[in-house]
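Report on one structure; see the data block that follows.
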Amino acid sequence: MAQTQCSDPGTLIAGEDMRGSVAGTLLTINSSGQAVRTTTATDVVAAILRTDIPTAANGGKNPNGRAIPVWPINKAFQVPVLMSAAAAAGRLLVPTTTTGQAGSVANVAGLATNQVAFGVVLEAATAADEVITALAHVMSD
Numbered sequence: 017m018a019q020t021q022c023s024d025p026g027t028l029i030a031g032e033d034m035r036g037s038v039a040g041t042l043l044t045i046n047s048s049g050q051a052v053r054t055t056t057a058t059d060v061v062a063a064i065l066r067t068d069i070p071t072a073a074n075g076g077k078n079p080n081g082r083a084i085p086v087w088p089i090n091k092a093f094q095v096p097v098l099m100s101a102a103a104a105a106g107r108l109l110v111p112t113t114t115t116g117q118a119g120s121v122a123n124v125a126g127l128a129t130n131q132v133a134f135g136v137v138l139e140a141a142t143a144a145d146e147v148i149t150a151l152a153h154v155m156s157d
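For the sequence shown, this note's numbering assigns the number 17 to the initial residue and increments by one for each residue that follows.
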């Protein structure tokens, strides 16, 4: 299982140049499993940028491909997930009728009635029964 993200749940790998972004910027996961700024109303927010990233004019370095500090949404952690089918990075994780395995949908519009997504695919699954890295929302006390 490849690990493209940092193991610290307070960081994600940036998937774009975010110079000039401010703390509080909403982030989603792209098809490469990296954090990017949200751009549409149907983007699923996976984390929120924790600090300002200076502009190039103010000495800011391009964070693309590097760890950025984030606040995960709803106690999100990077975890291994057993998939019931192939799935691209950036898709939402959902329960399936295959015992103990997760499926995926492209976005919120793809959710079935009363279905709840529990995370985001960070590392693509190429086939069923593959364990991938996901950003999952974990409930705790």
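Every residue, glycine too, gets a C-beta built ideally from N, C-alpha and C.
- Contact annotation: V97 and V147 have beta-carbon atoms nearer than 8 Å.
- Leaving aside the five residues that flank V124 on each side, the residues in its chain whose CB is nearer than 6 Å to its CB run, in chain order, T58.
- If you draw a straight line from the Cα of S37 to the Cα of K77, it comes to about 12 Å.
- When the beta-carbon positions are compared, P111 and A122 stay at least 8 Å from each other.
- By the neighbour-count criterion, in which a residue is buried when 16 or more other Cβ atoms sit within 10 angstroms of its Cβ, A143 is exposed.
- Bridge partners of G135 according to DSSP: L109, A152.
- Burial state of R107 is buried, judged by a 10 Å Cβ sphere holding 16 or more other Cβ atoms.
- In this structure, A39 lies away from T56, with their beta-carbon atoms at least 8 Å apart.
- Burial state of V136 is buried, judged by a 10 Å Cβ sphere holding 16 or more other Cβ atoms.
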